[in-house]
Amino acid sequence: MSAFRLRKQRLRRLSDRGLLRLAEYLEGANFAAYVDLIQTPWRLALLNLIGGIFRGLGIGLGFTIIAGTIVMLLQQLEVLNIPVIGKFIADLVAIVQAQLHTRQYTY
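For reference, each letter of the sequence shown is one residue, going 519 to 625 in the numbering used here.
1. Using a 10 Å radius around the Cβ and a threshold of 16 neighbouring Cβ atoms, would you call residue 571 buried or exposed?
2. How many angstroms separate the CA atom of residue 542 from the CA atom of residue 548?
3. Kindly indicate if chain B contains any beta-carbon less than 8 Å away from that of residue 539.
4. Are the segment 605-621 and the segment 585-596 in contact at 8 Å, needing three or more beta carbon pairs?
5. If you follow the alpha helix (DSSP H) that residue 550 is part of, which residue opens it and which one closes it?
6. Going by CA-CA distance only, name the one from 537, 575, 579 and 588 that's closest to residue 607.
7. Just verifying my parser: in three-state terms, what is the DSSP assignment at residue 587?
8. Taking only three categories from DSSP, how would you classify residue 620?
9. Rounding to the nearest angstrom, what Cα-Cα distance links residue 573 and residue 579 in this structure?
10. Roughly how many whole angstroms lie between the Cα atoms of residue 550 and residue 523?
Put into structure tokens, the structure is as follows:
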């Protein structure tokens, strides 16, 4: 065999191996599902809407839990009556409690 033919066969084997590795990678990365999702804009919009709703709910619930915990800690610090921050905490707790008891539904 000539050197040219050997080089051509070797390149073909390397190319086949490279294409096989690329195909396995794309299959493992679920590339076909991604392309399918991009080609259906309504499904993409629906998935983004649902994701946004759940993200917003998570942020709202997380903030509520953290804010409630902070208010409870501030109430406990008020009971300890620390002179330096006692008045500030008392005012802050009073504002929060007043806000909780007032209705803000004005139409």
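Ideal Cβ placement from N, Cα and C applies to all residues, glycine included.
Here's the rundown:
1. Classification of residue 571: exposed, given that the 10 Å Cβ count is below 16.
2. Rounded to whole angstroms, the gap between the alpha carbons of residue 542 and residue 548 is 10 Å.
3. Absent from the structure is chain B; it holds one protein chain and no more.
4. Short answer: they touch.
5. Per DSSP, residue 550 belongs to the alpha helix (DSSP H) from 549-557.
6. Minimum Cα-Cα distance from residue 607 among the listed residues 537, 575, 579 and 588 corresponds to 588.
7. Assigned with DSSP and collapsed to three states, residue 587 falls in helix.
8. Residue 620 falls in the coil class under three-state DSSP.
9. Rounded to the nearest angstrom, the gap between the Cα atoms of residue 573 and residue 579 is 10 Å.
10. Approximately 36 Å between the Cα atoms of the pair.
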